[in-house]
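A.B. asks: Dropping the structure in here first, questions after.
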Amino acid sequence: MKKVILIAEEGDLIGEKKLIGQLMREECIKDWEVIVSGVGAVNVIRALRDLPRDTYILNIGYAGSSNFEINSVVMVSEVRLNHPNCSYPEPALQLDPVPAEWLKKDVISAVDYSGADFVLQSDYQDCTFDMELAYIAAFGFKHVSALKIVSDNLSLHDYRKVAAGVKSA
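The sequence shown begins at 4 in the working numbering and counts up by one.
Here is the structure:
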């Protein structure tokens with residue numbers, strides 16, 4: 004089975020590649036391929052469309068939260084689309100837990116909401132907001148897990164500071 008760590012941004016200034024080493028025990032992921040998808044649904048679709056569905060996907064990235072402390076590490080238990088202006092039936096997608104022995108840090112378990120844009124306000128509590136995970140999970144890979152590092156409390160400015168390395172996870 005192919006194993007992939009999927010991150011949205013690798014760059015030196017704003018990037019998520021540094022999070023892999025901060026969160027994961029090297030011996031547990033040494034044989035994994037790192038794929039940089041780019042931000043958002045279209046980039047995720049282009050990056051993953053040709054992968055076999057038995058690929059294990061571990062998504063690591065930044066996310067906002069209305070109430071989790073900045074730099075908290077969240078293991079996502081399920082993901083849904085974030086569409087606050089309308090309601091329609093769609094499934095919540097369940098994710099696999101990341102084995103505790105793979106991790107260097109304690110984690111919070113929570114739901115993630117994926118959207119097409121940066122979330123600047125929400126009444127949702129005890130969750131994270133990102134722009135890729137629901138699209139990753141919707142592909143139907145047999146195993147999808149995700150770790151989200153809270154970079155901000157729904158502030159694009161704070162996200163940019165944390166992602167650029169002003170603060171570390």
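Glycine included, each C-beta is placed from N, C-alpha and C at the ideal position.
Let me make sure I understand the geometry here. Which of ILE38, LEU136, GLU30 has the alpha-carbon closest to that of ILE8?
C.D. replies: Residue 8 sits at position 5 when you count from the first residue of the sequence shown. That would be ILE38, whose Cα lies nearest to the Cα of ILE8.
A.B. asks: For the ligand FAD, I want to know if ILE73 counts as a neighbour, meaning its beta carbon is within less than 8 Å of at least one of the ligand's heavy atoms.
C.D. replies: The ligand FAD is absent from the structure shown, which contains no ligand whatsoever.
A.B. asks: Under 8 Å by Cβ, that's how I've got ASP133 and ALA66 pegged, so tell me the actual separation to the nearest angstrom.
C.D. replies: What you label residue 133 is simply residue 130 of the sequence shown in a count that begins at 1. What you label residue 66 is simply residue 63 of the sequence shown in a count that begins at 1. Right, the Cβ-Cβ distance comes to about 4 Å (below 8 Å), so this counts as a contact.
A.B. asks: Mapping the DSSP letters down to three states, classify ALA187 as helix, strand or coil.
C.D. replies: Residue 187 lies beyond the stretch modelled for the chain, which goes from 4 to 172, so this question has no answer here.
A.B. asks: Which two residues bound the contiguous alpha helix (DSSP H) that contains GLY24?
C.D. replies: As a working note, residue 24 is residue 21 in the sequence shown. Run containing GLY24: 20 to 26, per the alpha helix (DSSP H) assignment.
A.B. asks: ASN85 lies in the beta strand (DSSP E); which residues open and close that run?
C.D. replies: Sequence index remark: in the sequence shown, residue 85 carries index 82 (1-based). Premise fails: ASN85 is in no beta strand (DSSP E) and is neither H nor E.
A.B. asks: Which value, in whole angstroms, describes the spacing of the CA atoms of PRO100 and ASN156?
C.D. replies: Numbered from 1 along the sequence shown, position 97 holds the residue referred to as residue 100. Numbered from 1 along the sequence shown, position 153 holds the residue referred to as residue 156. When rounded, the distance between both Cα atoms is 24 Å.
A.B. asks: Between which two residues does the alpha helix (DSSP H) harbouring TYR116 extend?
C.D. replies: The residue labelled residue 116 in the question sits at position 113 within the sequence shown. Run containing TYR116: none in the alpha helix (DSSP H); it sits in the beta strand (DSSP E), 111 to 117.
A.B. asks: If you draw a straight line from the alpha carbon of LYS20 to that of HIS146, how long is it in whole angstroms?
C.D. replies: The residue labelled residue 20 in the question sits at position 17 within the sequence shown. The residue labelled residue 146 in the question sits at position 143 within the sequence shown. Cα-Cα distance, rounded: 21 Å.
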